[in-house]
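K.L.:
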Amino acid sequence: MKKSVFVTGIAGSGKTSVSKELNQLGYQSYDIEDDDFGLFMMVRKDTGEEYVDYDNHDLNKIDNAHWICNIEKLKEFLNKQIEGTVFYCGIASNNLEVKALFDISFLLKASPEVLTQRLLTREGGDDIGNTEEGRQRILSWKDEFEENMVKAGMTAVDADGSPKEVANRIIEL
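Have a look at this one:
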């Protein structure tokens with residue numbers, strides 16, 4: 003039997019760490035935002051075109067951008083799943099379209115304090131969470147994003163624990 007599970011959450015909620023932990027626990031899990039899959043691109047809100055000079059440290063560019071998942075490419079990727087339960091972790095501006103492709107979907111909800119701590123310790127200097135302004139922007143999106151995902155039928159999961167604890171919560175559900 004084939005079951006596809008979508009795991010999403012705001013930046014810093016633990017999607018990538020939980021995906022890695024699910025793999026460690028013997029489950030098949032993908033960080034679908036990984037560049038290797040080519041499923042996502044930054045798009046300009048004003049033109050709908052790819053955002054060629056996007057910069058995570060420029061708040062004006064952040065405000066004029068959508069992180070879009072290519073739904074057709076995602077469908078092709080999901081069709082490669084033969085059997086079993088497989089987890090797909092990521093977030094997109096078109097998250098509700100993404101969610102519609104999955105059998106089950108979970109929303110990782112971390113407290114503002116945990117989100118801030120995780121964003122402060124992220125690797126890579128070009129991440130949106132690497133600046134105070136970026137962290138504040140993420141926190142300003144948090145409540146509305148999470149409310150919309152729960153309204154859309156996603157099951158909320160407490161993401162304040164370790165990746166192993168969070169992964170086990172998802173598996174239990």
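The numbering used here puts the sequence shown at residues 3 to 175.
Just so you know, even glycine gets a beta-carbon here, dropped at the ideal spot from N, CA and C.
(1) If we count the other Cβ atoms within 10 Å of its Cβ and call it buried at 16 or more, is glutamate 85 buried or exposed?
(2) Does lysine 144 pass the burial test, meaning 16 or more other C-beta atoms within 10 Å, or should it be called exposed?
(3) Please classify isoleucine 172 as buried or exposed, where buried requires at least 16 neighbouring CB atoms within 10 angstroms.
(4) Per DSSP, what kind of secondary structure is methionine 151 in: helix, strand or coil?
(5) Given a cut-off of 8 Å on the beta-carbon distance, is the pair isoleucine 106 and valine 20 in contact?
(6) Are there 16 or more other CB atoms within 10 angstroms of the CB of leucine 122, so buried, or fewer, so exposed?
(7) Cα-Cα, which of Asp162, Asn170, Met156, Lys5 is closest to leucine 80?
(8) Answer with buried or exposed for methionine 156, where buried requires no fewer than 16 other C-beta atoms within 10 angstroms of its C-beta.
(9) Since aspartate 160 sits in a beta bridge, which residues does DSSP pair it with?
(10) Does the separation of the CB atoms of asparagine 168 and lysine 111 fall below 8 Å?
(11) What did DSSP end up calling aspartate 33 once you bin it into helix, strand or coil?
(12) Given a cut-off of 8 Å, decide if isoleucine 64 and isoleucine 130 are closer than it, judged by their beta-carbon atoms.
P.N.:
Well, looking at it:
(1) For the purposes of this step, residue 85 is taken as residue 83 along the sequence shown, with counting starting at 1. Exposed: under 16 other Cβ atoms inside 10 Å.
(2) Position 142 of the sequence shown, counted from the start, is the residue given in the question as residue 144. Lysine 144 should be labelled buried.
(3) Mapped onto the sequence shown, residue 172 falls at position 170. That one is buried.
(4) Against the sequence shown, residue 151 aligns to sequence position 149. Helix.
(5) Walking along the sequence shown from the start, residue 106 turns up at place 104. Walking along the sequence shown from the start, residue 20 turns up at place 18. Not a contact, by the Cβ cut-off of 8 Å.
(6) Along the sequence shown, read from residue 1 onward, the residue named residue 122 stands at position 120. By the neighbour-count rule (16 or more Cβ atoms within 10 Å), leucine 122 is not buried but exposed.
(7) Position 78 of the sequence shown, counted from the start, is the residue given in the question as residue 80. With distances taken between Cα atoms, leucine 80 lies closest to Lys5.
(8) For the purposes of this step, residue 156 is identified with residue 154 of the sequence shown, where counting begins at 1. Buried is the call here.
(9) Locating residue 160 in the sequence shown gives position 158, counting from the first residue. DSSP output for aspartate 160 lists Lys111 as bridge partner(s).
(10) Mapped onto the sequence shown, residue 168 falls at position 166. Mapped onto the sequence shown, residue 111 falls at position 109. According to the sequence as given, residue 168 is valine; it is not asparagine. Not closer than 8 Å, so no.
(11) Looking up residue 33 in the sequence shown gives position 31. DSSP places aspartate 33 in strand when its eight states are reduced to three.
(12) Sequence index remark: in the sequence shown, residue 130 carries index 128 (1-based). Sequence index remark: in the sequence shown, residue 64 carries index 62 (1-based). Yes; because the gap between Cβ atoms is below 8 Å, this pair is in contact.
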